[in-house]
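Comments concern the structure below.
Numbering (my numbering), first residue to last: 2 to 258.
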């Protein structure tokens, strides 16, 4: 099948940039792996991205094979008596140095590297932490904290060493981060509550700064309980329809236990 070179370039550049845009998840998975505090939601995320990169890898292999077999090409050619590919201008085509092969090969490599990394993280991470509704309620009854301080706590995404030195660090504030879950409310309350839980677990595992003082031990489990409780008050200030902690806790199953 002959494809115009411009269309070929556009398609593969789009695919490559799309795959590269997902690489930020590798940073997140690495942090989870290093923390060793893995919840069910973290494991599910790893499995999802492993499947995503596996599908991409299989597709890239298929495309490379089709290119090598001459079923996909951008320049029409024939074969000489030696089996070489000859273009219309009688130029010998080296398929391994042609754009037809190099872009699919780069796509294959772009899919293989994250697939191997996610597989490594998945195999070397096991669910080690659990939070049940009763534990959140016990925390709610026994400890107090400043909701506004929770809302203003943050973590910092530092620029990669390979990027420009003058690139500004990105500060992720909990209030802004958790409020993005509101887009799911009209679509599905279940997705909405699950989004709050997933985002909260992820936020805490980034080891945020400016955590409010309290009489409780500041381990990941207690902090997740605190942030889940605080998320209700934070979101109720931003949204007309009020949400409750009880409804949120009904959706913990499958994510934190």
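All C-beta atoms, glycine included, are put in the ideal place defined by N, C-alpha and C.
- For the pair residue 226 and residue 151, the CB atoms are not nearer than the 8 Å cut-off.
- Note that the C-beta distance between residue 12 and residue 75 is not below 8 Å.
- Comparing alpha carbon positions, the residue from 212, 200, 127 closest to residue 154 is 212.
- Shown here, residue 42 sits in a helix according to DSSP, grouped into three states.
- Counting along the chain, residue 212 sits inside no beta strand (DSSP E), nor does DSSP assign it H or E at all.
- A Cβ-Cβ contact shorter than 8 Å links residue 193 with residue 186.
- Only exposed fits residue 245, as fewer than 16 other CB atoms lie within 10 angstroms of its CB.
- The residue among 47, 21, 20, 7 with its C-alpha nearest the C-alpha of residue 32 is 47.
- In the displayed model, residue 54 falls within a helix according to three-state DSSP.
- In the three-state scheme derived from DSSP, where H, G and I count as helix and E and B as strand, residue 158 is classed as strand.
- In the three-state reduction of the DSSP assignment, residue 176 falls in the helix class, which pools H, G and I.
- DSSP, read as helix, strand or coil, puts residue 244 in coil.
- Residue 92 has no beta-bridge partner at all, per DSSP.
- The shortest CA-to-CA distance from residue 256 to any of 140, 129, 55 is the one to 129.
- Residue 98 is classed as exposed because its beta carbon has fewer than 16 other beta carbons within 10 Å across all chains shown.
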